[in-house]
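To keep things clear, I will list the structure first and then write my remarks on it.
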Amino acid sequence: MQFEGIKEKTLVIVKPDAIQRGLLGQITSRFEQKGLKLIGTRMLRLESVILREHYAHIADKPFYPGVEEFMMSAPAVVQCWEGLDVVNTVRKITGITKAREAEAGSIRGDFAMSVACNVIHASDSVETAKSEVARFFKDGDLYEYDKTDYMHVYIEEERG
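Just so we're aligned, residue 123 is where the sequence shown starts under the working numbering, counting upward by one.
Here it is as C-alpha cells:
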C-alpha cells in the first residue's frame with residue numbers, strides 16, 4: 123500500500139534548548155498529529171565541522187561563533203519527515219525564525235522567545251531539504267514503511 127505520490131522529505135533539528143527544556147515529545151507530536159511520516163531520527167552532539175557546513179550561509183557573520191556555541195551546548199535531535207508538500211507544511215508548523223513574533227499555535231510561537239534559542243530548525247526549501255537530509259542521514263538511516271493512516275490523511279488523488 124505504498125503511496126508513491128508522497129515522497130518529499132525535510133529535515134528538522136530539535137535544538138539543544140528544546141532538549142534541555144523537555145520539549146522533544148511535544149514538538150514531535152505536532153508533526154505526527156498533522157499526519158506526517160517520521161522516517162528517521164537521531165540524537166547527537168553537533169560538531170563544529172557539520173555546523174559550519176550546515177550554517178555556511180552565516181558562518182562568516184560576527185554572531186556565528188555564538189550560534190555554534192549554542193548548537194554544541196547540549197545534544198540535538200535530527201529528524202527526517204516525509205509527506206505531501208512536507209517542507210512548506212513543516213515550516214508553517216514551525217513558525218517564523220524570530221520566535222517572539224511567531225504566530226501562536228506554531229512551535230516557535232508557543233515555546234520560544236529568541237531568534238537563536240528558537241527550539242527548532244526546519245529546511246527552507248525542497249532543494250535545501252535534500253542536502254540537509256543527506257548531511258545528517260546516511261544510507262540505511264531512513265526507513266521506508268507503509269503509513270497505514272495515509273488513506274485518512276490524503277485523498278486518493280494526493281496519494282498518487
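Using N, Cα and C, we set each Cβ at its ideal position, and we do this for glycine too.
For residue 206, there is no enclosing alpha helix (DSSP H), as DSSP gives it neither H nor E. For residue 161, the secondary structure class from DSSP, reduced to helix, strand or coil, is strand. Ranked by Cα distance from residue 131, the options 272, 206, 225 and 234 are led by 206.
DSSP places residue 229 in the helix class (H, G or I) of the three-state scheme. It is roughly 28 Å from the alpha-carbon of residue 170 to the alpha-carbon of residue 208.
Runs of the beta strand (DSSP E) spanning 3 or more residues and lying entirely within the segment 236 to 282 occur at 242 to 244, in chain order. Residue 164 and residue 200 do touch by the CB rule: their CB atoms are close to 5 Å apart, below 8 Å. In this chain, the alpha helix (DSSP H) harbouring residue 149 covers 146 to 156. For residue 133, the enclosing beta strand (DSSP E) begins and ends at 131 to 136. The Cβ atoms of residue 221 and residue 236 sit closer than 8 Å to each other. Between the segment 184 to 195 and the segment 238 to 246, the count of C-beta pairs closer than 8 Å reaches three or more; the two stretches touch. Taking C-alpha positions only, residue 246 is separated from residue 210 by approximately 8 Å.
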